[in-house]
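In this note's numbering, the protein residues as written are 12 to 242.
Structure record follows, encoded as structure tokens.
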């Protein structure tokens with residue numbers, strides 16, 4: 012039925028049909044399907060069309076559903092905006108944000124691998140188990156045997172790919188060698204201690220670049236084994 016409304020609406024638009032009933036019918040069908048964005052678009056256009064041609068019956072029909080359509084559309088927009096805002100607030104400490112002159116704001120690449128990723132200093136429990144396993148939400152999820160089985164199954168699917176990462180780390184270590192040397196000349200990684208009561212955060216700040224990469228790779232491989240044993 013919806014496909015018929017779409018074809019009918021397209022035909023009415025092409026022929027400039029007055030009192031475009033098909034757009035209202037399409038908007039109503041989209042609304043019932045939960046496609047609130049397009050339902051709002053077509054119902055608004057249909058109302059403008061009905062007003063322009065003084066189609067009283069059509070105005071009454073559209074006005075009957077437009078408030079519900081508009082509320083549903085607005086609720087979704089606000090939800091999306093809230094999620095996007097929360098994400099962007101966090102993004103500045105996680106990724107580089109950049110925008111070309113005519114492009115969209117882009118998040119990436121990820122850079123925040125300093126304070127906790129692949130380090131036991133910030134999360135010592137990672138040496139023996141799952142870091143968030145006992146936090147309230149995850150603890151409740153893992154009480155469900157079906158959830159736990161699904162996580163383990165998915166982990167086993169991904170594990171072969173995850174095991175290719177050490178080779179990639181070796182490759183990128185060589186690629187970034189010159190950049191790393193320049194980076195160390197410009198910034199002292201151990202300066203992060205000033206943000207942590209005088210104590211270095213990650214644990215590799217006073218290592219050489221190559222030693223830090225080797226440590227990162229070692230902890231990564233250990234984590235694969237630890238997670239596999241604890242799922």
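Where a beta carbon is used, it is the ideal one built from N, C-alpha and C, also for glycine.
Keep in mind that this is a model prediction, so the values were computed, not measured.
Asked	Found
From the DSSP output, in three-state form, read off residue 117 for me.	strand
DSSP on residue 80, reduced to helix/strand/coil?	helix
Which class does residue 37 belong to by DSSP, given the choice of helix, strand or coil?	helix
Could you compute how far the alpha carbon of residue 200 sits from the alpha carbon of residue 117?	27 Å
Should the stretch 187–202 be called in touch with the stretch 210–224, which here means at least 3 C-beta pairs below 8 Å?	yes
What separation, rounded to the nearest whole angstrom, lies between the Cα atoms of residue 166 and residue 242?	8 Å
Starting from residue 107, follow the beta strand (DSSP E) in both directions and report where the run begins and ends.	106–109
Around the Cβ of residue 1, are there at least 16 other Cβ atoms within 10 angstroms (buried) or fewer (exposed)?	The structure shown does not extend to residue 1, since the chain spans only 12 to 242, so no value can be given for it.
Just the Cα atoms here: how many angstroms apart are residue 193 and residue 182?	19 Å
By DSSP, does residue 167 sit in helix, in strand, or in coil?	helix
Considering only residues of the same chain and omitting the five flanking positions on each side of residue 176, which have a CB-CB separation below 8 Å?	231
If residue 239 and residue 170 are in contact, beta carbons under 8 Å, what's the gap, nearest whole angstrom?	7 Å
Is it the case that the Cβ atoms of residue 133 and residue 184 are separated by a distance below 9 Å?	no
Quick check on the burial criterion: 16 or more other C-beta atoms within 10 angstroms. Buried or exposed for residue 29?	Its pLDDT being 47, under 50, residue 29 is placed unreliably in this model, and the value from its coordinates should be taken loosely. Exposed: under 16 other Cβ atoms inside 10 Å.
Between which residues of its own chain and residue 46 is the CB-CB distance below 8 Å, once the five residues before and five after are set aside?	none
Residue 172: which of 142, 218, 235 sits nearest, CA to CA?	235
With DSSP run on the structure shown, which of helix, strand or coil describes residue 242?	coil
Applying the 10 Å Cβ sphere with the 16-neighbour rule, what's the burial state of residue 40?	buried
On the three-state DSSP scale, how would you describe residue 162?	helix
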